[in-house]
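Asks: Dumping the structure here so I can ask a few things about it.
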Amino acid sequence: MSLDPNQSVPTGGPLSRFADTLRSDTVGGFLLIGAAVLALVWINSPFGGAYEDLRAITFGPASLHLDLSLETWAADGLLAVFFFVVGNELKQEFVHGELRNPRRAMLPIVAAVCGMVVPAAIYAAINATSPDTVQGWGIPMATDIAFAVAILAVVGRGLPPALRTFLLTLAIVDDLGAVVVIAVFYTSGINFLALLAAAAGLVLFWYLQRGKGLAAKLNASALPNWIVYVPLALVVWGLVHESGVHATIAGVAMGLLMRTTKLPGEAHDPSHGVEHVLRPWSAGLALPIFAFFSAGVVFDGVGEVLTDTAAMGIIAGLVVGKVVGIAGGSWLTTKLTRAELNPSLKWIDIVGMSQLAGIGFTVSLLITELSFADSPEHLAHAKTGVLLASLVATVLAAVVLGARSRHYRRLMRATAPTETAGE
């Protein structure tokens, strides 16, 4: 990774064309979905034990508490790259794009909060009389941003870009909320010293991009900037991991701290330069590997799952609660406040996107593990519930968003001749 703003963006050549292909959300989406399907087939085949052995392989420096399994490295390490790219993209939107308007930025943020509260309430209501399962109320709160964005790219190629921005903002806030829930309700303790050190690293990361003092000397030197920034990013990530907070938050934080404006003499700002370099790695490597190691869930007996209140609470929370919370919360917000929906979007688009937010997976499965660590039967049923809910949410979202995508493409075809004639 280079943060050198004067580095030219490479063009031409087969490697460059391949990288450009990977920058497409659609291509990245197909790679992620393909990897997830491969994992599901493998884990539920007679050779499922080999898959479990593979993702359980552990490596890393034990002295730094980083002797992690391949599954954990994918979920905490590689996924942090994706979160950095997403955080960086959101920063661009907040500074230069759709989210510059506070009345529009407020809507996905409120929607995210409603989309966490309503599913949790539905789960708690279904499990209110079951003391063995009620602690899983946090499971349906989370949206898997990687899978949601991938599905949106595949089924919604004609949809307005504002819908993707809405989903990214909502999912980031959702993930931050889920991390807070895990830290407060599902973690025995937080290492505040490590968290404070990580915050200091983030301040340094922000300062070095400002172009003053030490930062100016760094930019003026012959030393490649990545020699400074990559080790700093790794240290920040390691400190966040050590703190007990989900390590992907380090990626979000650094992405949101990127500078999106050019200084005098710069060819382009660091934000766009780094995105150009990292997006192919994120879409072509980080996300497919993450999907492969996280999607391996064994199908438990569906009949037994449907009689377990934990699984039913998860399914109802993700499939119904997300739509009611996000779409309903957004609509109420526009009626009760000055928040507004982007004019290019319709409420049916938000409904389809809300269904997409019902894809739980990674964080939902993490909270499932924490909730039912001492109850293997409920754990198996809850994991299957997360998987079934995510599949149902995907199908429903694909139907709605696919239809909306075709609608928008027809509109584009209908207006194209008029625009050409006007020119």
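Quick note on numbering that gives the first Met the number 0: the sequence shown kicks off at 0 and runs consecutively. All residues carry an ideal CB built from backbone N, CA and C; glycine is no exception. A quick note: this is a predicted structure, and the numbers were derived from the prediction, not measured.
Which word fits Lys334, buried or exposed, when buried means at least 16 other C-beta atoms lie within 10 angstroms of its C-beta?
Replies: Classification of Lys334: exposed, given that the 10 Å Cβ count is below 16.
Asks: When the Cα atoms are used, what is the spatial distance from Asn190 to Tyr228?
Replies: Taking the straight line from one Cα to the other gives about 24 Å.
Asks: Taking the DSSP output, what are the residues bridged to Leu67?
Replies: Its beta-bridge partners are Phe58.
Asks: Would you tell me roughly how many angstroms separate the C-alpha atoms of Asn321 and Lys345, rounded to the nearest one?
Replies: Here residue 321 turns out to be Lys, not Asn, going by the sequence shown. Each residue's alpha carbon lies about 18 Å from the other.
Asks: Between Asp131 and Ser374, is the Cβ-Cβ spacing less than 8 Å?
Replies: Contact: yes.
Asks: Can you confirm whether the stretch 26-38 touches the stretch 309-324 when touching is taken to mean that 3 or more C-beta pairs between the two stretches lie within less than 8 Å?
Replies: No, because fewer than three Cβ pairs between the stretch 309-324 and the stretch 26-38 fall closer than 8 Å, the two stretches do not touch.
Asks: Please report the straight-line C-alpha distance between Met311 and Leu386, rounded to a whole angstrom.
Replies: When rounded, the distance between both Cα atoms is 12 Å.
Asks: Would you call the stretch 347-355 in contact with the stretch 266-284, where contact means no fewer than 3 C-beta pairs closer than 8 Å?
Replies: With a cut-off of 8 Å, the stretch 266-284 and the stretch 347-355 do not count as touching, because too few Cβ pairs lie within range.
Asks: Please report how far the alpha carbon of His275 lies from the alpha carbon of Ala124, in whole angstroms.
Replies: Going from the Cα of His275 to the Cα of Ala124 covers about 46 Å.
Asks: For the alpha helix (DSSP H) containing Pro118, list its first residue and its last residue.
Replies: Residues 101-125.
Asks: DSSP state of Asn341, grouped into three classes?
Replies: In the structure shown, Asn341 sits in coil (DSSP, three-state: anything other than H, G, I, E or B).
Asks: Do you know offhand how far Thr306's Cα is from Thr260's?
Replies: Cα-Cα distance, rounded: 55 Å.
Asks: Do Leu158 and Leu400 have their C-beta atoms within less than 8 Å of each other?
Replies: Contact flag set, yes.
Asks: Could you say which of Arg403, Asp173, Leu286 lies nearest to Asp24 if we only look at CA atoms?
Replies: It is Leu286 whose Cα lies nearest to the Cα of Asp24.
Asks: Tell me the rounded alpha-carbon separation between Leu390 and Arg209.
Replies: Going by the C-alpha atoms only, they are around 45 Å apart.
Asks: Could you check what DSSP says for Glu265 in three-state terms: helix, strand or coil?
Replies: Of the three classes helix, strand and coil, the one that applies to Glu265 here is coil, per DSSP.
Asks: Do the stretch 158-171 and the stretch 101-108 make contact, defined as three or more Cβ pairs closer than 8 Å?
Replies: Judged by Cβ distances under 8 Å, the stretch 158-171 makes contact with the stretch 101-108, as three or more pairs qualify.
Asks: Determine, using beta carbons only, whether Leu162 and Met352 come nearer to each other than 8 Å.
Replies: Yes. Within cutoff.
Asks: What is the rounded straight-line gap between the Cα of Asp52 and the Cα of Arg258?
Replies: Cα-Cα distance, rounded: 42 Å.
Asks: Under three-state DSSP, which class holds His245?
Replies: In the structure shown, His245 sits in coil (DSSP, three-state: anything other than H, G, I, E or B).
Asks: Identify the continuous alpha helix (DSSP H) that holds Thr186 and give its terminal residues.
Replies: Per DSSP, Thr186 belongs to no alpha helix (DSSP H) and is neither H nor E.
Asks: Could you tell me whether the Cβ atoms of Gly28 and Leu21 are closer together than 8 Å?
Replies: Taking 8 Å as the Cβ cut-off, Gly28 and Leu21 do not qualify as a contacting pair.
Asks: At what residues does the alpha helix (DSSP H) containing Thr306 begin and finish?
Replies: Neither: Thr306 is in no alpha helix (DSSP H) and is coded neither H nor E.
Asks: In whole angstroms, give me the CA-to-CA distance for Leu231 and Thr128.
Replies: Rounded to the nearest angstrom, the two C-alpha atoms are 49 Å apart.
Asks: Determine, using beta-carbon pairs with one atom in the stretch 326-342 and one in the stretch 146-154, whether at least three such pairs fall under 8 Å.
Replies: Short answer: they don't touch.
Asks: Would the beta-carbon of Ala145 fall within 8 Å of that of Phe291?
Replies: Contact: no.
Asks: For Leu369 and Ala388, what's the separation of their Cα atoms in angstroms?
Replies: Going by the C-alpha atoms only, they are around 19 Å apart.
Asks: To the nearest angstrom, how far is the alpha carbon of Leu31 from that of Ser62?
Replies: Roughly 33 Å separates the two Cα atoms.
Asks: Taking the alpha-carbon of Leu355 as reference, which of Ala177, Phe17, Thr393 has the nearest alpha-carbon?
Replies: Closest option to Leu355, Cα to Cα, is Thr393.
Asks: So, with DSSP's three-state summary, where would you put Val350?
Replies: Correct three-state label for Val350: helix.
Asks: Is it buried or exposed, His95, if we count other Cβ atoms within 10 angstroms and call 16 or more buried?
Replies: His95 is exposed by the Cβ-count criterion.
Asks: Closer than 8 Å, CB to CB, is Glu274 near chain B or not?
Replies: Reference to chain B is not applicable here, since this structure consists of a single protein chain.
Asks: Taking DSSP as the reference, what is the three-state secondary structure of Gly357?
Replies: Residue state, collapsed to three classes: coil.
Asks: Short check: CB of Ile313 to CB of Ala381, under 8 Å?
Replies: Yes, the pair counts as a contact, with Cβ atoms nearer than the cut-off.
Asks: With DSSP collapsed to three states, give me the class of Asp131.
Replies: Note: Asp131 maps to coil in three-state DSSP.
Asks: Can you tell me whether Asp66 is buried or exposed? The criterion is at least 16 other CB atoms within 10 Å of its CB, across all chains shown.
Replies: Classification of Asp66: exposed, given that the 10 Å Cβ count is below 16.
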